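J.: If you scroll down you'll find the structure; I have some questions about it.
2 protein chains.
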Amino acid sequence: MNPVSLEKKTAERRDGEPPMPIAEFEAAVRAVGPERYHDLHPFHHMLHGGKLNKGQVQAWALNRFCYQSAVPRKDAALVSRAYDRELRREWTHRILDHDGFLPGEEGGIERWLVLTDGLGLDRDYVISRRGALPATIFAVEAYVTFVREQPLTIAVASSLTELFAPKIHKERIAGMLENYSFIDDKVMAYFKRRLMQAPRDADFALNYILKNARTREEQQACIDAVRFKCNVLWAQLDALYHAYVDGHIPPGAFRPES
Amino acid sequence: MNPVSLEKKTAERRDGEPPMPIAEFEAAVRAVGPERYHDLHPFHHMLHGGKLNKGQVQAWALNRFCYQSAVPRKDAALVSRAYDRELRREWTHRILDHDGFLPGEEGGIERWLVLTDGLGLDRDYVISRRGALPATIFAVEAYVTFVREQPLTIAVASSLTELFAPKIHKERIAGMLENYSFIDDKVMAYFKRRLMQAPRDADFALNYILKNARTREEQQACIDAVRFKCNVLWAQLDALYHAYVDGHIPPGAFRPES
Chain H
1 MNPVSLEKKT AERRDGEPPM PIAEFEAAVR AVGPERYHDL HPFHHMLHGG KLNKGQVQAW
61 ALNRFCYQSA VPRKDAALVS RAYDRELRRE WTHRILDHDG FLPGEEGGIE RWLVLTDGLG
121 LDRDYVISRR GALPATIFAV EAYVTFVREQ PLTIAVASSL TELFAPKIHK ERIAGMLENY
181 SFIDDKVMAY FKRRLMQAPR DADFALNYIL KNARTREEQQ ACIDAVRFKC NVLWAQLDAL
241 YHAYVDGHIP PGAFRPES
Chain L
1 MNPVSLEKKT AERRDGEPPM PIAEFEAAVR AVGPERYHDL HPFHHMLHGG KLNKGQVQAW
61 ALNRFCYQSA VPRKDAALVS RAYDRELRRE WTHRILDHDG FLPGEEGGIE RWLVLTDGLG
121 LDRDYVISRR GALPATIFAV EAYVTFVREQ PLTIAVASSL TELFAPKIHK ERIAGMLENY
181 SFIDDKVMAY FKRRLMQAPR DADFALNYIL KNARTREEQQ ACIDAVRFKC NVLWAQLDAL
241 YHAYVDGHIP PGAFRPES
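Residue numbers (full-length UniProt numbering), protein chains in the order written: chain H, 1 to 258; chain L, 1 to 258.
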């Protein structure tokens, strides 16, 4: 399968045409994953395949924390723009999933910090984002801005990389447990929980856009939003690869102990 | 007590001066209530004193719904800007308080709709905001925008009219139950719940600004934020008074059956 021809086919603008039938629209959204989800990225293959050293895995976890910790701000930005109480109620769940809710109840961010703890990274350093790659910060903040500024249906659509997440999480759990002596079951808790959360969230968001994207242009913008989100994820792995595989670590960024 | 001289005293800018001692800063925040909280407004006195007819109470409840339903968007705007997880966790509680959380669990907005139901207003009409006074919408959206755009500590400060809320809610419950045959215990559930929620929320927000407003300018901006919020509340009662007491109902706004 040639990803370029696939992309041309799905990216073609058809403004002014009638909306796609629902099944075709859904298929076009789902087609974005095989085209450009970050499970296709070489860094991902190295991570899961045990090809990284501990410093590289640290760099990945440290940078990915920036993404995790931006997610509740992104979700709150969406809630802040929703006049529909049912949409807000559903979406506020996501904030709680990441930040936790009751005192002592851990959320996804806390589970991610268990991973970075387990990798021997200082928690305050991770939270400060001081050692993160600038390209990481730019990518995740572009996502927050997208959700803050795009029409609501398009903003909802940008979450739909969750359709593709369970597969990558399963691979990650199996591959990382098998391949790295410094990874154990406890630190993989984040991914295990997401195996349950992501499908529920994705179902809601998918149904929302199938119902609310009513013109061909809105449908196309939803598909583009999923692509945009894939770019946000891909750009983070590109930056990691350049810095920590090719060895071009930019000034100020985390440097693994060698 | 002359409100003008009081205001001059607290509003005086002292840029470049050292920050106020905490106790003085807190006292200045608390002084805003007696100066301009909407319990001083003539419409409020009429409402609680049984001086309004049913149509006027309907107009109040219908317009006030716009404020209630904007609150979770306002709170989510704050969460979307908070990098501190603890602040987000605390503030997300407010969204849940208004929107409800689990299926079937009512929040403040639902309780407000019980009040408008009880007053004989059509629920869809209330939710649509079609009959609300434009001045109401402008005021509540100015509040959402303020919280979205002001520095975080200042945005937190704007919630602090909650310091003054328990008194007005107690007056409202007692006064309205006593004075209106069309008001019963059930429809006053909103205010009863707020008697518990508001003090907890206000304590957190007050401690937050006492800790985080570190310069005289930030302290002054916090005090001004509480004034701004009082203005948001006051402007809504002014608009109600002009339209439904003085009788200048603008085009398109709710018209009580006479």
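The beta carbon of each residue, even a glycine, is placed where N, CA and C say it ideally should be.
Please read these numbers as outputs of a predicted model, since none were measured by experiment.
Any beta-carbon of chain L closer than 8 Å to the one on serine 5/H?
T.: Residue confidence for serine 5/H is low, a pLDDT of 43 falling below 50, so the modelled location carries little weight; the figure read from the coordinates is stated next. Judged by the 8 Å Cβ criterion, serine 5/H is not in contact with chain L.
J.: For a quick check, are the C-beta atoms of threonine 153/L and isoleucine 209/L less than 8 Å apart?
T.: Yes, Cβ-Cβ distance for threonine 153/L and isoleucine 209/L is below 8 Å.
J.: Between the C-alpha atoms of arginine 30/H and leucine 163/H, what's the straight-line distance to the nearest angstrom?
T.: C-alpha separation (whole angstroms): 7 Å.
J.: Taking 8 Å as the threshold, find out whether the region 211–226 of chain H comes into contact with the region 110–123 of chain H through three or more Cβ pairs.
T.: No: the two stretches stay apart, fewer than three of their Cβ pairs being nearer than 8 Å.
J.: Of the choices His38/L, Glu26/L, Ala23/L, whose alpha-carbon is the least far from that of isoleucine 168/L?
T.: Selected option, being the one with the closest Cα: His38/L.
J.: Mind checking aspartate 184/H: buried by the 16 CB within 10 Å criterion, or exposed?
T.: It counts as exposed.
J.: Below 8 Å between beta carbons is the criterion; list the residues of the region 135–169 of chain H that meet it against any residue of chain L, in chain order.
T.: Within the region 135–169 of chain H, the qualifying residues are Val144, Arg148.
J.: Does the Cβ of proline 251/L have 16 or more other Cβ atoms within 10 Å, making it buried, or fewer, making it exposed?
T.: Exposed.
J.: My parser needs the alpha helix (DSSP H) runs of 4 or more residues fully inside the region 112–189 of chain H; what are they?
T.: List check, alpha helix (DSSP H) in window: 123–128, 134–149, 152–157, 165–179.
J.: Does the CB of valine 79/L have a neighbour CB from chain H at under 8 Å?
T.: Cβ-Cβ to chain H under 8 Å: yes for valine 79/L.
J.: What first and last residue would you give for the alpha helix (DSSP H) that runs through asparagine 231/L?
T.: That run of the alpha helix (DSSP H) goes 216–240.
J.: So, helix, strand or coil for leucine 109/H, using DSSP?
T.: Note that residue 109/H is isoleucine in the sequence shown here, rather than leucine. Here isoleucine 109/H sits in helix by DSSP.
J.: Looking at the secondary structure, which residues open and close the alpha helix (DSSP H) in which histidine 98/H lies?
T.: First-last of the alpha helix (DSSP H) with histidine 98/H: 85–99.
J.: Does chain H have any CB closer than 8 Å to the CB of threonine 215/L?
T.: Threonine 215/L does not count as touching chain H.
J.: Going by CA-CA distance only, name the one from Leu96/H, Gln68/H, Ser80/H that's closest to valine 71/L.
T.: Checked all of Leu96/H, Gln68/H, Ser80/H; the closest Cα to valine 71/L is Ser80/H.
J.: According to a CB-to-CB cut-off of less than 8 Å, which residues of the region 90–102 of chain H neighbour chain C?
T.: No chain C is present in this structure, whose protein chains are H and L.
J.: So which residues on chain H does alanine 27/L lean against when the C-beta distance must stay under 7 Å?
T.: The premise fails here: alanine 27/L is roughly 31 Å from chain H at the closest Cβ pair, so nothing lies under 7 Å.
J.: 8 Å is my cut-off, CB to CB: does alanine 132/L come that close to chain H?
T.: It does not; no Cβ of chain H falls within 8 Å.
J.: Return the CA-CA distance between glutamate 86/H and glutamine 68/L, expressed in angstroms with no decimal places.
T.: About 15 Å.
J.: What did DSSP end up calling methionine 196/L once you bin it into helix, strand or coil?
T.: It is helical.
J.: For lysine 54/H, I'd like the list of residues in its chain whose CB is within less than 6 Å of its CB, leaving aside the five on either flank, ordered along the chain.
T.: Excluding sequence neighbours, lysine 54/H sits near Phe182.
J.: Out of curiosity, what's the CA-to-CA distance linking glutamate 171/H and leucine 133/H?
T.: Rounded to whole angstroms, glutamate 171/H to leucine 133/H spans 25 Å at the Cα level.
J.: At a CB-CB cut-off below 8 Å, which residues of chain L make contact with isoleucine 223/H?
T.: Those within 8 Å of isoleucine 223/H in chain L number zero; the least Cβ separation is about 25 Å.
J.: Rounded to a whole number of angstroms, what is the C-alpha to C-alpha distance between methionine 20/L and phenylalanine 204/L?
T.: Computed Cα separation, rounded: 20 Å.
J.: If contact is defined by three or more beta carbon pairs under 8 Å, each pair taking one atom from either stretch, is the region 94–103 of chain H in contact with the region 86–100 of chain L?
T.: As far as the Cβ criterion goes, the region 86–100 of chain L touches the region 94–103 of chain H, which means the pair count is three or higher.
J.: Applying the 10 Å Cβ sphere with the 16-neighbour rule, what's the burial state of methionine 196/L?
T.: It counts as exposed.
J.: Name, please, each residue of chain L whose Cβ falls closer than 7 Å to the Cβ of arginine 85/H.
T.: Those within 7 Å of arginine 85/H in chain L are Asp99, Ile109.
J.: Look at the alpha carbon of glycine 247/H and the alpha carbon of alanine 239/H, and state the distance between them as a whole number of angstroms.
T.: So the two alpha carbons sit approximately 11 Å from each other.
J.: So glycine 100/H packs on glutamate 110/H, CB below 8 Å; how close in whole Å?
T.: Rounded, the Cβ-Cβ distance is 6 Å, consistent with contact.
J.: For a contact defined as C-beta to C-beta under 8 Å, what are the partners of proline 34/H on chain L?
T.: What proline 34/H touches in chain L: nothing, since even the nearest Cβ is about 32 Å away.
J.: Does chain H have any CB closer than 8 Å to the CB of proline 42/L?
T.: Judged by the 8 Å Cβ criterion, proline 42/L is not in contact with chain H.
J.: For a test of the three-state rule: what should DSSP assign to aspartate 246/H, helix, strand or coil?
T.: Here aspartate 246/H sits in coil by DSSP.
J.: What residue range does the alpha helix (DSSP H) around histidine 45/H cover?
T.: 42–48 is the span of the alpha helix (DSSP H), which, as asked, contains histidine 45/H.
J.: Which residues, in chain order, does the region 53–75 of chain H contribute to contact with chain L at a C-beta distance below 7 Å?
T.: Cβ contacts with chain L: Pro72, Arg73.
J.: How should arginine 64/H be labelled, buried or exposed, when 16 other C-beta atoms within 10 angstroms of its C-beta is the threshold for buried?
T.: Label assigned to arginine 64/H: buried.
J.: Let's test the definition: count the other Cβ atoms within 10 Å of the Cβ of aspartate 84/L and tell me whether it reaches 16, buried, or not, exposed.
T.: Counting Cβ neighbours within 10 Å, aspartate 84/L comes out exposed, since fewer than 16 surround it.
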